[in-house]
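Some notes on the structure that comes next.
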Amino acid sequence: MGTTLPPRYDPGSIEKALYEEWEERGYFHADPQRVLEGRRDSYVIVIPPPNVTAVLHMGHGLNNTIQDVLIRWRRMQGREALYLPGTDHAGIATQNVVERLIADEGLTREDLGREAFVERVWAFVEETGSTILEQLRAIGCSCDWTRTRFTLDPGLSSAVREVFVRLYEKGLVYRGEYIINWCPRCLTALSDEEAEGEESNGRLVHLRYPLREPVAGVELPTLPDGRQYVVVATTRPETMLGDTAVAVHPEDERYLGLVGAHVELPLTGRSIPVVADAYVDPSFGSGAVKITPSHDPNDFELARRHDLPGRNVMTPDARMNENVPPEFQDLDRFEARARVTDALSKLGLIDRTEDHTYTIPHCYRCHTVVEPRVSLQWFVRMKPLAEPALAASRDGRVRFTPERHLAVYENWLENIRDWCISRQLWWGHRIPVWYCRASTCGHMMVAREDPDRCAQCGSTDLEQDQDVLDTWFSSWLWPFSTLGWPETSDDVPAFYPGHALVTAQEILFFWVARMIMAGLEFMGEVPFRDVYLNGTVRDMQRRKMSKSLGNGIDPLEVVRLYGADALRYTVIDAQGLGTDILMDPENLDDTFATGRNLANKVWNAGRFILMNVEGESVADPRADDVPLELADRWILSRAAAAAAEVTRQLEGFRFHEAADAVYHFFWGELADWYVELVKHRVRDDAEPASRAAARATLVAAFDQALRLLHPIMPFITDALWRRLPVPAGRTREASLMIASWPEPGGAPRDHDAEAQMGALMELIGTIRTLRSEYDAPPAALIRIHLANVSGALQAALRAEDRALHRLARVEQVDIGGNGAQGAGAHAVLRDGTELFVPLAGMIDVDRERERLTRELQRLDQQLQAALVRLDNQDFVRRAPVDVVEREREKAASFRDQRERLAVKLAALGEA
RNA sequence: GGUCGCAUAGCUCAGCUGGUUAGAGCGCACGGUUCACAUCCGUGAGGUCGUAGGUUCGAGUCCUACUGCGACCACCA
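So the first sequence is numbered by this note's numbering: it starts at 553 and just counts up by one.
Written out as structure tokens, the structure reads:
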């Protein structure tokens, strides 16, 4: 003992060593045996695996802190808590990063070839891939690092294969030629979710398509050369080169005679038919639509219905191909757009052009405008998977917090479309499909193990499908693939299903919904009971933090400046239910003030307490022979209340409220009141029994506060907790991390003590207010008069007879009698106790008179309101008895107070 | 176009099952060197709870409409 703590908390000096110690002692490790043997219930959170190339940002900071709070809290509750870490190979994202790297060397991935390129990516991943996991340690995440997983690990890869094969065998995986979202820059297919709509300003160009031959009975405008024409509109004029029809609504009277006729497709000379289809909205534009089956999803569908051919006019990188007139060949699509418009204009075939705002899909990785493209891809049939997932949310097997996300989730599942899972990338899980290359065979094999010969013809000339799977095809298995599935293990039965899934709402569809589907399909159970969707971290202009905007906050910088605890507390305190979090990247001092200040306060309270309890043993305040005083009983009762409150809030994922509750107990009650109340009792010269009780209570209350705060601020709480003395005969864990959570109801409330201290605290507060209001010199001792003193206050004044003197500088208290005369300040406490402070020579009598007048008016209003209510027969008859009773008491008390006030006012007037 | 959400102090937000005088932090103002802490302590000002109706004995809380924001989804060329 004896080493005094420095007056300022220096997180840097304790965090790293503490973390290493926790890890070395195995506190992070979850043991399946303890669960399987029934000794403990599990509590499992799998991390949303960050991209392997990612660097920690505030979004991760918030997300992982929430997870760690839940994990640490449950661990303290005695659960076998597993926080399972890992990373995602992030197909396109990672491939793009490495492509950019080799571009600096003047190389493309084609230059390297597939094998060398993939090796290159592996090298990069091995070199940098643990960065983000290391950073999670810095913010205190208690992950079980012995179970760190990567989506491309052999085990997880075999899970991917198993799932692909099973779905194929069930007929839920199929291959087909469809129109899909294609990124012309990444040169791969994308799922619908990966194509993000972004609003942009374009032009809606109305084109004139001349009729091949005159049609009778249809009123159509004519060109100068006398030919009739129909007008069609498009935002992408270049696609007209791939038109294979024009469509009108079957009941559109304007065009009835036109169906079956042909128009000439300008610039190409091709002749294309007019078809009728209900998809066309007669009220939009001219009511006629150009049909480009190869470049528009709706047109693709319509063409299938009408057996129309497609005509692909673009290369994979979105340049015009050989299917267009020579003058447009090889032009980029946007360049072609301008040239086609020009050419049509010269021919007098542009009817008009208007500005148009519309939403077009962009690649979610590189933001290039997606080009719909017909190609041969692999898909998962989603309806059969979505139905059980819907049922699970409807019967409450999965709950969403905040609840409103449930509707979004269900809406998506109800309208689910098939999932395009093949990607024309090199980095990822290769599709486990082989094609026989023997000229007469061509057999396709879908296999768990790499085949060495064709199952049909025996040829060894096999070629594996060139494509890889969507990254999310491995992520959706994360809750069980990380536990070793499909191999049998102790981990699966011990830790599946898990409990909470904490993530950002952006990946509700990408990941959460699909995990629920996969869990139900392959494990027969939902992967977690609760889905908590945390808010988004934004800057003061509410913009999302991003690298490109440069408005991010580096969590490690915050840790360096204020410590991990300050970071954690700040984000947890800011995480209201369903709210975004606003932080100012320009002003870290203010942004993290809440957490930083609290850490400092905890540290200093710890200093004070340790300073006073060092060197001697302390008792357990609940032991029979400890003569607890009022303040002691009060703070112990408040500690019990805080435990109940914090627990309740955490159970409801109300992080802000949980943080607020600990904060209020710690700072507002323990530090501001209890510590001040007992300062004189812990001194060496204090009365020994009283001193012993105060020291015992101080230690017990601080212990409780540290436990409640530990999930949010693990470092500072453990560091201080370890130095607290242990009551004789008691033992304690080596770390707060594995100590027990104060269960609500574990200690009884003391309602008498709370009422008595409440009255005393209000009295002290009121005296302080009056002193401040009348500018009483801080050191000046005063005398007060009390009348109509409540029983609670009487008891409190007896028990804490020095509190008024110490906390409000009151040197004498006169109770009852008629000393309350002359000029002075008057106040009535909530329990009806009247306070009179004679401040002769110190107060402004006029001002006080004004104040009392205002007070009188206020009381009048309140009295009136109460009387009106009591006058209401319905209220009196129907409202609960205690409510009516309270109203009566209130009215009586208002009337009482009013009378007394009037007297005082009169007295003041005469003074 | 569809679905959902939000509107409470200067700012950011709590207010959970409708029930004492609607709260917190920050900011602001005033005062404070008492041996835990100025990253602190004490005190204060500041609210017709978006608008209009309704339900109820009672509404910040429930219902309806309106206004203003926002999110997600969507095939109007």
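We put the CB at the ideal spot given by N, CA and C, even for glycine.
Simplified DSSP state of R1206, which is helix, strand or coil: As a working note, residue 1206 is residue 654 in the first sequence. Here R1206 sits in coil by DSSP.
Which class does S897 belong to by DSSP, given the choice of helix, strand or coil? Counting from 1 along the first sequence, the entry for residue 897 is found at position 345. The answer is helix: DSSP assigns S897 an H, G or I state.
For F1427 and L1411, I'd like the C-alpha separation in whole angstroms. The sequence position of residue 1427 within the first sequence is 875, counting from 1. The sequence position of residue 1411 within the first sequence is 859, counting from 1. Answer to the nearest angstrom: the Cα atoms are 22 Å apart.
Inter-stretch contact (C-beta, 8 Å, three-pair minimum) for the segment 1288-1308 and the segment 704-721: no
Run through DSSP, which three-state label would E543 get? Because residue 543 is not part of the residues shown, which for the chain are 553 to 1463, the question remains open.
Say whether the segment 1106-1122 touches the segment 981-995, bearing in mind that this needs 3 or more beta-carbon pairs closer than 8 Å, one atom from each stretch. no
Does DSSP classify D640 as helix, strand or coil? Position 88 of the first sequence, counting from 1, holds the residue named residue 640. Strand at D640.
Between the CA atoms of S1169 and G554 - distance to the nearest angstrom: Taking the first sequence and counting its residues from 1, the one referred to as residue 554 is at position 2. Taking the first sequence and counting its residues from 1, the one referred to as residue 1169 is at position 617. Since pLDDT at G554 reaches only 45, below the 50 mark, its modelled position is unreliable, and the value read off the structure follows with that caveat. If you take the alpha carbons of G554 and S1169, they lie about 14 Å apart.
Once the 5 residues before and after M934 are set aside, which same chain residues still bring their CB inside 6 Å of it? In the first sequence, counting from the first residue as 1, residue 934 sits at position 382. For M934, where only same-chain residues beyond five positions count, the Cβ hits under 6 Å are I968, D970, W971.
What does Q929 pair with, by DSSP beta-bridge criteria? Along the first sequence, read from residue 1 onward, the residue named residue 929 stands at position 377. Answer is G728.
Residue environment, C988, which counts as buried when at least 16 other CB atoms sit within 10 Å: One-based indexing of the first sequence puts residue 988 at position 436. Counting Cβ neighbours within 10 Å, C988 comes out buried, since at least 16 surround it.
Per-residue DSSP class, three states only, for D1398: In the first sequence, counting from the first residue as 1, residue 1398 sits at position 846. Here D1398 sits in helix by DSSP.
Work out the CA separation of L724 and P825 for me, nearest whole Å. As a first step, residue 825 must be located in the first sequence, where it is residue number 273. As a first step, residue 724 must be located in the first sequence, where it is residue number 172. Using only the alpha carbons, I get a separation of about 37 Å.
Taking 8 Å as the threshold (C-beta atoms), are V782 and S838 in contact? The residue you call residue 838 lines up with position 286 of the first sequence. The residue you call residue 782 lines up with position 230 of the first sequence. Closer than 8 Å, so yes.
Would the C-beta of A633 count as close to the ligand MG, meaning under 7 Å from any of its heavy atoms? Absence of the ligand MG from the depicted structure is noted, as is the absence of any ligand whatsoever, leaving it without description.
Complete runs of the beta strand (DSSP E) confined to the segment 793-847 [at least 3 residues]: 797-800, 814-817, 822-828, 840-843
Using the three-state DSSP reduction, which class does V715 fall into: helix, strand or coil? Here residue 715 corresponds to residue number 163 of the first sequence, with the count starting at 1. It is helical.
Complete alpha helix (DSSP H) runs within the segment 1044-1096 (minimum length 4 residues, chain order): 1066-1070
Between the beta-carbon of L1222 and the beta-carbon of V1234, is there less than 8 Å? Position 670 of the first sequence, counted from the first residue, corresponds to residue 1222. Position 682 of the first sequence, counted from the first residue, corresponds to residue 1234. Cβ atoms of L1222 and V1234: not closer than 8 Å.
Report the rounded CA-to-CA distance for T660 versus E651, giving the unit in angstroms. If you number the first sequence from 1, residue 660 lands on position 108. If you number the first sequence from 1, residue 651 lands on position 99. So the alpha carbons of these two residues sit roughly 7 Å apart.
How many Å lie between F1254 and S1100 at the Cα? Walking along the first sequence from the start, residue 1254 turns up at place 702. Walking along the first sequence from the start, residue 1100 turns up at place 548. Roughly 45 Å between the two C-alpha positions.
N1152, DSSP secondary structure in three states: The sequence position of residue 1152 within the first sequence is 600, counting from 1. Here N1152 sits in helix by DSSP.
With a cut-off of 8 Å on the beta carbons, I'd call G754 and T787 a contact; round off their distance for me. What you label residue 754 is simply residue 202 of the first sequence in a count that begins at 1. What you label residue 787 is simply residue 235 of the first sequence in a count that begins at 1. 5 Å between Cβ atoms; contact.
Tell whether a beta-carbon distance below 8 Å holds between E1203 and A1213. In the first sequence, the residue the question calls residue 1203 occupies position 651. In the first sequence, the residue the question calls residue 1213 occupies position 661. Not a contact, by the Cβ cut-off of 8 Å.
Around the Cβ of T953, are there at least 16 other Cβ atoms within 10 angstroms (buried) or fewer (exposed)? Within the first sequence, residue 953 is the residue found at index 401, counting from 1. By the neighbour-count rule (16 or more Cβ atoms within 10 Å), T953 is buried.
One or two residues paired with A1379 in a DSSP bridge: Against the first sequence, residue 1379 aligns to sequence position 827. A1379 pairs with L1387.
Rank P563, T700, L1162 by C-alpha distance to the C-alpha of P1277 and give the top, closest one. Residue 1277 sits at position 725 when you count from the first residue of the first sequence. Per the Cα distances, L1162.
Supposed close pair V815, R764 - CB separation, criterion 8 Å: The residue given as residue 815 occupies position 263 in the first sequence. The residue given as residue 764 occupies position 212 in the first sequence. Correct: roughly 6 Å between the Cβ atoms.
Can you confirm whether the segment 897-908 touches the segment 738-745 when touching is taken to mean that 3 or more C-beta pairs between the two stretches lie within less than 8 Å? no
If you follow the alpha helix (DSSP H) that P1279 is part of, which residue opens it and which one closes it? As a first step, residue 1279 must be located in the first sequence, where it is residue number 727. P1279 -> no alpha helix (DSSP H), and no H or E assigned at all.
Going by the beta-carbon positions, is the gap between L1261 and F1218 smaller than 8 Å? Here residue 1261 refers to the residue found at position 709 when the first sequence is read from its first residue. Here residue 1218 refers to the residue found at position 666 when the first sequence is read from its first residue. Yes. Within cutoff.
Span of the alpha helix (DSSP H) around H957: Working through the first sequence from its first residue, we reach residue 957 at position 405. Element bounds for H957: 957-966.
Residues that P762 bridges to, as DSSP identifies them: Your numbering for residue 762 matches position 210 in the first sequence. The partner list for P762 (beta bridge, DSSP) reads Y781.
List the DSSP bridge partners of V1474. The question about residue 1474 has no answer, for the chain in this structure spans 553 to 1463.
Is H1303 buried or exposed, if buried means 16 or more other CB atoms sit within 10 Å of its CB? The residue given as residue 1303 occupies position 751 in the first sequence. It is exposed - the Cβ of H1303 has fewer than 16 other Cβ atoms within 10 Å.
Let me make sure I understand the geometry here. Which of P834, V1083, H641 has the alpha-carbon closest to that of V1020? Working through the first sequence from its first residue, we reach residue 1020 at position 468. Taking only the C-alpha atoms, the option nearest V1020 is H641.
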